[in-house]
Every structure is written in C-alpha cells, then in structure tokens.
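Numbers 9 to 220, taken from this note's numbering, label the letters of the sequence shown in order.
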Amino acid sequence: MPIATPEIYSEMIDRAKAGGFAFPAVNVTSSQTLNAALRGFAEAESDGIVQVSTGGAAYWSGASTKDMVAGSLGFAAFAREVAKNYGVNIALHTDHCPKDKLDGFVLPLLAASEAEVKAGRNPIFNSHMWDGSHEPLNENLGTARELLERTAAAKIILEVEIGIVGGEEDGVENAINDKLYTTFEDALATIEALGAGENGRYITALTFGNVH
C-alpha cells in the first residue's frame, strides 16, 4: 500500500489505543534494514512504523556525508516507493530529536512537509519526535507547544518525551535515577501545556525506567 495518509495514520493510532496494543516502530539505517522491516510487517499482516534516528538519518545520506535532512528525505522517498508492494499500512516517523539537533533535523523536515501540504499534497513524514527530556520541563513543553502548532497545521502527529529513558541510544547514555520515571505531575503539566487534542494531535512518550 502507499505510505499511510494522515487520516490512515490517525486511524492506526486510534485502533491501537482502543485495542490496547502498540504497533512496532522499527529504526532503519539502510535500504536493507527497511526492506527487512517491511517484509516483517507484511508476513505478520501488521501495519507498522518505520523510523530514523539522528544517527540513522545521517547514515542514510552516506557515511562520509552525514546529512540528517538529506538522509531522512532519501529514506522517505525510498520507503514511499517500495511500500507500495506490501499489503499493510506503513507510517514514516523520525525518532528522538534533542534540542541541539532540532535545527539540523526536525525543523528542516517539518518545513519540507509544510511546503508539500501548502501545495495540496500529504506531509513527507507522518510524525516527528521532539525529545526535550534533558531540558527543564517548562522549556521542554514550551518547545513542544511551538512545534505542535506547526505539526498540527501540517497534518503531522508530534511525539514528545516527558522523562528520560535509561540506557544508551545514538551515543547518549542516561544514568539510573529518579528522572527515569515520569511523574503524575509531569503528565498533568503536559496536558495543561499542550491540551488534550484540541490544539493538535500528539503522543506522549512517558518513561518507566528504560522503556516508554
């Protein structure tokens, strides 16, 4: 099938929530790993999400180039073409984007999708993740609020991380401490800052140790 439209992606999320399950979100770094993920989804007869991290996006552009935006756009274009051959819905997502990577990763990709939507087409990515978990909560949510205004207008779902996931990913390692657990107060602050869907659709990555 073609890459999921914004409407189909929203239906996927609603279906998962109603059914109490989650779709696999697979990080891919090459055409080989992307093809493997698509084959896995098809054989399992499951819709799913393929995504790139900052490191994965850089690698997609070429190991000597390391251009996260070019790599992400190349990944999306390749996925958009080959996904047509599979009978499941596939969504495109960008994974953890910390503050120091915003200008070189999510913001240019968001601008590219805004241009597509303005021209009457669907956004390039179905969702983007803003990872402000290393920032003070008010700053994390302030940036999330600014991003949500733009993602909502571009028919994109925003993912926000509230709390820090333990372990190591893309060279970032988090120590074991109380910050690894999102509090009830953190969740309430998120709703107060971003709303409950009326300001645009978003997903919260709440943390429970080394999972979210």
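Virtual Cβ for every residue (Gly too), placed ideally from N, Cα, C.
The structure presented is a predicted model; accordingly, all values stated were derived computationally and were not measured.
Residue span of the beta strand (DSSP E) that contains residue i, given as start and end
{"i": "A33", "result": "A33 to N35"}
{"i": "G79", "result": "Per DSSP, G79 belongs to no beta strand (DSSP E); it is in the alpha helix (DSSP H), M76 to V90."}
{"i": "T62", "result": "Premise fails: T62 lies in the alpha helix (DSSP H), T62 to W68, not in any beta strand (DSSP E)."}
As assigned by DSSP and simplified to three states, the class of residue i
{"i": "I132", "result": "coil"}
{"i": "I222", "result": "This structure cannot settle anything about residue 222, because the visible part of the chain is limited to 9 through 220."}
{"i": "I165", "result": "strand"}
{"i": "T93", "result": "It should be pointed out that residue 93 corresponds to Asn in this sequence rather than to Thr. It is helical."}
{"i": "M9", "result": "coil"}
{"i": "A204", "result": "coil"}
{"i": "R209", "result": "coil"}
{"i": "S152", "result": "The sequence shown places Ala at residue 152, not Ser. A152 falls in the helix class under three-state DSSP."}
Identity of the residues DSSP links to residue i by a beta bridge
{"i": "T73", "result": "Partner(s): none; T73 has no beta bridge."}
{"i": "L214", "result": "I170"}
{"i": "Y189", "result": "F216"}
{"i": "M137", "result": "E167"}
Residues near residue i in its chain [Cβ-Cβ closer than 7 Å; skip 5 each side]
{"i": "A30", "result": "A24"}
{"i": "R153", "result": "A201 and L202"}
{"i": "R88", "result": "I11"}
Bounding residues of the alpha helix (DSSP H) (the contiguous stretch that carries residue i)
{"i": "S39", "result": "S39 to A52"}
{"i": "G2", "result": "There is no way to answer for residue 2, as the model of the chain reaches only from 9 to 220."}
Cβ-based neighbour list, residue i, same chain, cut-off 6 Å, excluding 5 preceding and 5 following
{"i": "A65", "result": "M76, G79 and S80"}
{"i": "V34", "result": "A45 and V58"}
{"i": "G179", "result": "Residue confidence is low: G179 scores 49 on pLDDT, short of 50, so the model does not pin down where it sits. Its coordinate-derived value is still stated next. Correct list: empty, nothing qualifies."}
Contacting residues, own chain, Cβ-Cβ under 8 Å from residue i (five flanking each side not counted)
{"i": "F113", "result": "T62, A65, M76, V77, S80, T102 and C105"}
Problem - Segments assigned alpha helix (DSSP H), at least 4 residues, entirely inside the stretch 95-130 - result: Listed in chain order, the alpha helix (DSSP H) runs fully inside the stretch 95-130 are 114-126, counting runs of at least 4 residues.
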